[in-house]
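In what follows, a single structure is set out as structure tokens and then discussed.
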Amino acid sequence: GQNIDQPTEMTATEGAIVQINCTYQTSGFNGLFWYQQHAGEAPTFLSYNVLDGLEEKGRFSSFLSRSKGYSYLLLKELQMKDSASYLCAVRDLTGANNLFFGTGTRLTVIP
Amino acid sequence: GAGVSQSPSNKVTEKGKDVELRCDPISGHTALYWYRQRLGQGLEFLIYFQGNSAPDKSGLPSDRFSAERTGESVSTLTIQRTQQEDSAVYLCASSSPGQKLFFGSGTQLSVL
């Protein structure tokens, strides 16, 4: 089975840096995704990690440690438009590569 | 089409009625997923189709829920005898094997 944990809510200041953590337990890990979801909209893809280390893409970076069952999403130079939910999702090889989501972290960026 | 298309975008129904939700995946995507999202909550897995393999139905909450997929094309999610607790956004996504998911805009289901 899968067990994916994220903080429910976070608040950060415009221009700052925020780190959103995700821990997981799964029987057949085969990659971890981060998605962004603005209120009332569908999730959109942010990043994908399958090997240990840091993947950087502009203001967003994602880190993975498979041995620790741990990932984080790092958002730099926060903008008001970054206020959204951030969803961690784990691909399960034993489930024919099914994808399971955590409950999401609602980030509020304040001026 | 260019993206995942879901219909209807909104559905209001009376308790006890059956509803059918439709998903048109991106052409060529062999994997198709259905998720349910209640207000302010995360994505709850419902069902997963991968090519010609037997679907993973382990997320369906009750026998009132069923889904079908025609080959690697359209999928329909059917909810029989709807209950107020079924009110949620139903999201469909598709992908190539092992690749990122592309989501549709969802169907907002309201059961009165």
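Each protein sequence line maps, in turn, to chains R and F.
Here the working numbering is used: the first residue of the first sequence is 3, the next is one more, and so on.
Here the working numbering is used: the first residue of the second sequence is -6, the next is one more, and so on.
Backbone N, C-alpha and C define an ideal beta-carbon position, used for all residues, glycine too.
Predicted, not measured: the structure shown is a model, and the values here were computed from it.
In whole angstroms, what is the alpha-carbon distance linking R:Tyr74 and R:Phe103?
For this step, residue 74 of chain R is matched to residue 72 along the first sequence. For this step, residue 103 of chain R is matched to residue 101 along the first sequence. Cα atoms of R:Tyr74 and R:Phe103: separation of roughly 14 Å, rounded to the nearest angstrom.
Using three-state DSSP, classify R:Leu53 as helix, strand or coil.
The count along the first sequence starts at 1 and reaches residue 53 of chain R at position 51. Correct three-state label for R:Leu53: coil.
Please identify the residue among R:Thr10, R:Gly30, R:Gln39 whose C-alpha is closest to the C-alpha of R:Asn23.
The count along the first sequence starts at 1 and reaches residue 23 of chain R at position 21. Comparing alpha carbon positions, the residue from R:Thr10, R:Gly30, R:Gln39 closest to R:Asn23 is R:Thr10.
Is the Cβ of R:Gly30 closer than 8 Å to any Cβ of chain A?
In the structure shown, chain A cannot be found, because the protein chains are R and F.
Consult DSSP for R:Glu16 and reduce its assignment to one of helix, strand or coil.
For this step, residue 16 of chain R is matched to residue 14 along the first sequence. Coil at R:Glu16, not helix or strand.
Determine the direct distance from the alpha carbon of F:Asp17 to that of F:Ser66, and round the result to whole angstroms.
The sequence position of residue 66 of chain F within the second sequence is 73, counting from 1. The sequence position of residue 17 of chain F within the second sequence is 24, counting from 1. Between the C-alpha atoms of F:Ser66 and F:Asp17 there is a straight-line separation of about 7 Å.
Of all Cβ atoms in chain R, is any one closer than 8 Å to the Cβ of F:Leu39?
Translated into the one-based positions of the second sequence, residue 39 of chain F becomes position 46. For F:Leu39, the nearest beta carbon of chain R is not closer than 8 Å to its own beta carbon.
Assuming F:Leu94 and F:Ala81 form a contact by the criterion Cβ under 8 Å, report the distance between their Cβ atoms to the nearest whole angstrom.
One-based indexing of the second sequence puts residue 94 of chain F at position 101. One-based indexing of the second sequence puts residue 81 of chain F at position 88. The pair is not a contact, with the Cβ atoms about 18 Å apart (cut-off 8 Å).
From R:Ile112 to R:Met12, what distance separates their C-alpha atoms?
Mapped onto the first sequence, residue 112 of chain R falls at position 110. Mapped onto the first sequence, residue 12 of chain R falls at position 10. Here the C-alpha atom of R:Ile112 lies approximately 11 Å from the C-alpha atom of R:Met12.
Leaving out five residues on either side along the sequence, give the residues of the same chain with a beta carbon under 8 Å from the beta carbon of F:Gly(-4).
One-based indexing of the second sequence puts residue -4 of chain F at position 3. So the list reads Ile19, Phe95, Gly97, once near-sequence residues are dropped.
Using a beta-carbon distance below 8 Å, is F:Asp17 in contact with chain R?
Within the second sequence, the letter at position 24 stands for residue 17 of chain F. Interface flag for F:Asp17 against chain R is unset, since no Cβ pair is found closer than 8 Å.
When the cut-off is 8 Å and only beta carbons count, does R:Phe102 lie next to chain F?
The residue you call residue 102 of chain R lines up with position 100 of the first sequence. Interface annotation, R:Phe102: in contact with chain F, CB-CB separation under 8 Å.
Taking the C-alpha atoms as reference points, what is the distance between F:Leu25 and R:Asn100?
For the purposes of this step, residue 25 of chain F is taken as the residue at position 32 of the second sequence. For the purposes of this step, residue 100 of chain R is taken as the residue at position 98 of the first sequence. Spanning the alpha carbons of F:Leu25 and R:Asn100 requires a straight line of approximately 10 Å.
Across the segment 52 to 63 of chain R and the segment -4 to 6 of chain F, are there enough close Cβ pairs to call them in contact, namely three or more that are closer than 8 Å?
Flag = no, the segment 52 to 63 of chain R and the segment -4 to 6 of chain F do not touch.
Which two residues bound the contiguous beta strand (DSSP E) that contains F:Ala86?
Position 93 of the second sequence holds residue 86 of chain F. Run containing F:Ala86: 81 to 88, per the beta strand (DSSP E) assignment.
So with CB distances below 8 Å, who are the chain R contacts of F:Gly99?
Against the second sequence, residue 99 of chain F aligns to sequence position 106. Under the 8 Å cutoff, chain R gives Ala44.
Can you say whether R:Asp84 is buried or exposed, counting buried as having 16 or more other CB atoms within 10 angstroms of its CB?
Working through the first sequence from its first residue, we reach residue 84 of chain R at position 82. In summary, R:Asp84 is buried, with 16 or more beta-carbon neighbours lying within 10 Å of its beta-carbon over all protein chains present.
State the Cα-Cα distance for the pair F:Gly52 and F:Glu37, rounded to the nearest angstrom.
Position 59 of the second sequence, counted from the first residue, corresponds to residue 52 of chain F. Position 44 of the second sequence, counted from the first residue, corresponds to residue 37 of chain F. So the two alpha carbons sit approximately 8 Å from each other.
List the DSSP bridge partners of R:Thr105.
The residue you call residue 105 of chain R lines up with position 103 of the first sequence. Answer is none; R:Thr105 lacks a bridge partner.
Distance, Cα to Cα, F:Phe58 vs F:Val12?
Indexing the second sequence from 1 puts residue 58 of chain F at position 65. Indexing the second sequence from 1 puts residue 12 of chain F at position 19. If you take the alpha carbons of F:Phe58 and F:Val12, they lie about 10 Å apart.
Opposite R:Ile112 in the DSSP bridges: which residues?
On the first sequence, residue 112 of chain R is found 110 positions in, with the first residue counted as 1. In the DSSP output, where bridge partners are listed per residue, R:Ile112 has R:Thr15.
Euclidean distance between Cα positions of R:Leu109 and F:Ser87:
In the first sequence, residue 109 of chain R corresponds to position 107, counting from 1. In the second sequence, residue 87 of chain F corresponds to position 94, counting from 1. The straight-line gap from Cα to Cα measures roughly 26 Å.
Starting from F:Arg74, follow the beta strand (DSSP E) in both directions and report where the run begins and ends.
Counting from 1 along the second sequence, the entry for residue 74 of chain F is found at position 81. Per DSSP, F:Arg74 belongs to no beta strand (DSSP E) and is neither H nor E.
Distance check for R:Asn51 and R:Gln4, CA to CA, integer angstroms please.
As a working note, residue 4 of chain R is residue 2 in the first sequence. As a working note, residue 51 of chain R is residue 49 in the first sequence. Cα to Cα, the separation comes out at about 17 Å.
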